[in-house]
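Accompanying notes for the structure given below.
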Amino acid sequence: MTRSHSDLLWPVERLPDALEQLAQRQGYGRAAGEIAPPAAAVEPSRVWMFALGDRLGVELEPITPLYHELPDVLERAAPCILQVRRDGVPSYLVLLGTRRGKLRLLARDATAVSVQTKSALALLREEQEATVAEVDQLLGGVEMSPRAREHARSKMLLQRLGQAQLRTGWIMRPRRTASRRTLLGDIPSLAAGILVSHTLLSLVLAGSFWLLGRAALQAHLETGWFLGWIAVIACAIPLRMLEVWWQGVFSIRLGTLLKQQLLAGTLKLTPDEVRLDGIGRHFGRVAEAEVVEQLAVGGALLAVLSLVDLILAGVILVLGAGGWPQAVVLALWVVVALVLARRHYGVQRAWSSARVEITHDLLERMLGHRTRLAQLPLERWHDGEDVRLSSYSEISKVMDRRTMQLTALLRDGWLVLALLTLLPAFSSGTANASALAVSVGGILLALRAFDEVAVYFQQVSQAAVSFEQIRDLLLAVGRPELESKVPLEMEGGKPTDAAGGTLIEARGVTFRHDARTRPVLENCSFQIAQGDRILLEGPSGGGKSTLVSLLTGLRAPQGGVMLLHALDRATFGSSGWRKRITAAPQFHENHVLSGSFAYNLLLGREWPTSPELRTKAAALCKELGLDELVAKMPAGLEEMIGETGWQLSHGEKSRLYIARTLLQGVELVILDESFASLDPETMRVAQRCVLNHAKALVVVSHP
1 MTRSHSDLLW
11 PVERLPDALE
21 QLAQRQGYGR
31 AAGEIAPPAA
41 AVEPSRVWMF
51 ALGDRLGVEL
61 EPITPLYHEL
71 PDVLERAAPC
81 ILQVRRDGVP
91 SYLVLLGTRR
101 GKLRLLARDA
111 TAVSVQTKSA
121 LALLREEQEA
131 TVAEVDQLLG
141 GVEMSPRARE
151 HARSKMLLQR
161 LGQAQLRTGW
171 IMRPRRTASR
181 RTLLGDIPSL
191 AAGILVSHTL
201 LSLVLAGSFW
211 LLGRAALQAH
221 LETGWFLGWI
231 AVIACAIPLR
241 MLEVWWQGVF
251 SIRLGTLLKQ
261 QLLAGTLKLT
271 PDEVRLDGIG
281 RHFGRVAEAE
291 VVEQLAVGGA
301 LLAVLSLVDL
311 ILAGVILVLG
321 AGGWPQAVVL
331 ALWVVVALVL
341 ARRHYGVQRA
351 WSSARVEITH
361 DLLERMLGHR
371 TRLAQLPLER
381 WHDGEDVRLS
391 SYSEISKVMD
401 RRTMQLTALL
411 RDGWLVLALL
421 TLLPAFSSGT
431 ANASALAVSV
441 GGILLALRAF
451 DEVAVYFQQV
461 SQAAVSFEQI
471 RDLLLAVGRP
481 ELESKVPLEM
491 EGGKPTDAAG
501 GTLIEARGVT
511 FRHDARTRPV
521 LENCSFQIAQ
531 GDRILLEGPS
541 GGGKSTLVSL
551 LTGLRAPQGG
561 VMLLHALDRA
571 TFGSSGWRKR
581 ITAAPQFHEN
591 HVLSGSFAYN
601 LLLGREWPTS
611 PELRTKAAAL
621 CKELGLDELV
631 AKMPAGLEEM
641 IGETGWQLSH
651 GEKSRLYIAR
661 TLLQGVELVI
671 LDESFASLDP
681 ETMRVAQRCV
691 LNHAKALVVV
701 SHP
């Protein structure tokens, strides 16, 4: 490195300043104001880092790279901070990006410094490589050139340490609710580059048409003309390559942004919205999102480029033998194309809606297949299916006809009209060969554009229809999210208890579901103190699960107030409230995901997880009586479970959900009918474990 390590390594106490400067340089977020730094020489907790990201208005994502992954991380992860630990003291490299094969780091004096990638790799790997000093000792007794020694050393270290985890760093991204300019980044400049390169390419192709047409009309296709035509065509090759490259990068960037926004919107849906839509419509949304990404990202851009070709063709036709009349005919034919595209869009909209409804109906029938077999007579199993399929078939036929009109009529109709408008100038003999060649070039360029427009308009039309299915997800991104107002230094621990031992206090809480006229909870008041063990009983539909959702912050009271440590939900923020209270939902609302047993246990905690958390998870499994299950698994805690892995019984799943909840380390644990699937002896074991580990406990059960 050209500068000393002390200039490039940011100490922990200056971490807020480093992240604030990084956010401002990238155009993300905002100034965070006065922030109390973390304790010196102590790695800040993830809770503290997430809270700092909220203050800065950015997203901070933890990353724990493996030894062999570090070169890719340095190349692609910027902007980010990466941890270096020397003598047990953590410090951070602030990575701005790469330029001309070098890394750009933010120095402590707020200047950007370029360093060799190899130097940064050595610094970040220094702690791990110190554990295998025998590699240098082994190579010390071998005679070889310095270059060969370095190559052999890197290969041996990669073999020994390739799967070793390095220290946790943090990638910085803009918030999903940031301005469009921030989210789009360099996407507009890529679109401008594509537009310029395509325009130049179209002009080159039109020039080649003019050159070849003029030579043919003058009846002297000598070698020089032919070589000139080849030279013009050759100029189009680099332009085409550049355009295709930029189109690929543009599609990847825009597609990535679309998926990120869809995921952010999905995570902001309320539980009621998720339940009311049903699995069929959610599956249809996933399919429609893929359509939007594949067709809108590519088709919309290419449709715009085709319109550019039509504008260029109109200019060329004005300069040709057909003159303004031919250009006017082109403009009128573009209007016809828009009318046909509009008609096609209307039919495709109906077709897409019918397809989504059929998908929803099919999935709902599949999920309820056993109920249908048990409750309906055989002759009624398929009621309504033939009607839906027949209606869908008729709509498909209409759409096929409109598609044929759009594809065939546009191209062939334009060619006939263009030749008819050129016929008077050609038959009169008044137009010279150059003017006729120009007209031919304009006609062929417009023909090429109409040929592409017919396809791209179909893609854009289908993408627009599909967009209507996912629009509410994108709109959900802009929903306001409560941000924590708790002092940053308190984020890692428990705030001061201003209520003298009271953990939760509810005063006059009222909640009504949208579809009901009477409230589920009305004027509900209670207190939960630290260390309380509360049994909540009530009949089905009495509001127990609704109260649980209010306690965990999944729903907000419509009346009254609910306080945690004498502070409301707006003070803690949505995520801050949920980090302090968690629940194991009812069995049908809890899930085992395809992954390792350890991953399912520690769902909600950082992943990859720490050895300490893994040890704690193993001990908790033993207390819950799951150690025998883990012992049977060939890979232990790393055994894959779920859809394609080891299958768990209901009782084993219930204990897994209990362990997952206890491992969150929160202040209030809520178990919603979590003991219902357990036999008496196992239930006593699970209850004893829960009572030992939960700081405060609410158990929901039927009478």
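Everything in the sequence shown is counted per full-length UniProt numbering, starting at 1 for the first residue and increasing by one. Ideal Cβ positions, reconstructed from N, Cα and C, are used throughout, including at glycine.
Cα separation between residue i and residue j?
i, j, result
"residue 497", "residue 169", "Any reading at residue 497 must be qualified, since the residue scores a pLDDT of 44, below 50, and its modelled position is unreliable; the value itself is stated next. Approximately 33 Å between the Cα atoms of the pair."
"residue 118", "residue 107", "18 Å"
"residue 232", "residue 315", "20 Å"
"residue 359", "residue 290", "15 Å"
"residue 495", "residue 565", "Confidence is the limiting factor: at residue 495 the pLDDT is only 45, short of 50, which leaves the residue's position unreliable, though a coordinate-based value still follows. Cα to Cα, residue 495 sits roughly 7 Å from residue 565."
"residue 41", "residue 237", "57 Å"
"residue 705", "residue 285", "The requested residue 705 does not occur in the structure, where the chain is confined to residues 1 to 703."
"residue 617", "residue 548", "25 Å"
"residue 338", "residue 308", "15 Å"
"residue 632", "residue 607", "24 Å"
"residue 112", "residue 49", "24 Å"
"residue 394", "residue 400", "10 Å"
"residue 76", "residue 182", "18 Å"
"residue 501", "residue 83", "39 Å"
"residue 553", "residue 578", "6 Å"
"residue 499", "residue 177", "With a pLDDT of 42 at residue 499, under the threshold of 50, the modelled position of this residue cannot be trusted, and the question is left open."
"residue 561", "residue 590", "28 Å"
"residue 1", "residue 103", "Model confidence at residue 1 stands at a pLDDT of 47, short of 50, so the residue's coordinates are unreliable and nothing is read from them."
"residue 92", "residue 646", "41 Å"
"residue 493", "residue 684", "Note that residue 493 scores 48 on pLDDT, short of 50, meaning its location in the model is unreliable; the coordinates nonetheless yield the value given after this. When rounded, the distance between both Cα atoms is 32 Å."
"residue 531", "residue 703", "23 Å"
"residue 193", "residue 615", "54 Å"
"residue 180", "residue 26", "14 Å"
"residue 334", "residue 324", "15 Å"
"residue 503", "residue 528", "6 Å"
"residue 135", "residue 74", "25 Å"
"residue 670", "residue 123", "46 Å"
"residue 610", "residue 303", "51 Å"
Please state if the CB of residue j and the CB of residue i are separated by a distance shorter than 9 Å.
i, j, result
"residue 137", "residue 66", "no"
"residue 61", "residue 12", "no"
"residue 19", "residue 172", "yes"
"residue 292", "residue 534", "no"
"residue 228", "residue 239", "no"
"residue 593", "residue 642", "yes"
"residue 301", "residue 250", "yes"
"residue 673", "residue 701", "yes"
"residue 655", "residue 697", "no"
"residue 425", "residue 436", "yes"
Note the first and the last residue of the continuous alpha helix (DSSP H) segment covering residue i.
i, result
"residue 680", "680 to 693"
"residue 49", "46 to 56"
"residue 13", "First-last for residue 13: undefined, no H or E at that position."
"residue 97", "Note, residue 97: premise wrong, no alpha helix (DSSP H); beta strand (DSSP E) at 89 to 99."
"residue 572", "569 to 578"
"residue 108", "No alpha helix (DSSP H) holds residue 108; DSSP gives it neither H nor E."
"residue 549", "544 to 551"
"residue 425", "410 to 428"
How is the beta strand (DSSP E) around residue i delimited, first residue to last?
i, result
"residue 527", "521 to 529"
"residue 562", "559 to 564"
"residue 172", "169 to 174"
"residue 617", "Unbroken run through residue 617 is the alpha helix (DSSP H), 611 to 623; no beta strand (DSSP E)."
"residue 511", "502 to 511"
"residue 672", "668 to 672"
"residue 555", "Per DSSP, residue 555 belongs to no beta strand (DSSP E) and is neither H nor E."
"residue 159", "Premise fails: residue 159 lies in the alpha helix (DSSP H), 146 to 161, not in any beta strand (DSSP E)."
"residue 697", "697 to 701"
If contacts are defined as beta-carbon pairs under 8 Å, then residue i and residue j qualify, I think. What distance do you get, rounded to the angstrom?
i, j, result
"residue 410", "residue 454", "5 Å"
"residue 620", "residue 652", "About 14 Å; that fails the 8 Å criterion."
"residue 476", "residue 269", "6 Å"
"residue 520", "residue 546", "5 Å"
"residue 85", "residue 167", "6 Å"
Check whether the stretch 384 to 393 and the stretch 319 to 334 touch, using three or more Cβ-Cβ pairs below 8 Å as the test. no
Could you tell me whether the stretch 169 to 189 touches the stretch 253 to 273, where touching means 3 or more Cβ pairs closer than 8 Å? yes
Would you check if there are 3 or more beta carbon pairs closer than 8 Å linking the stretch 656 to 664 to the stretch 559 to 576? no
Just checking, does the stretch 680 to 700 make contact with the stretch 508 to 520 on the three C-beta pairs under 8 Å criterion? no
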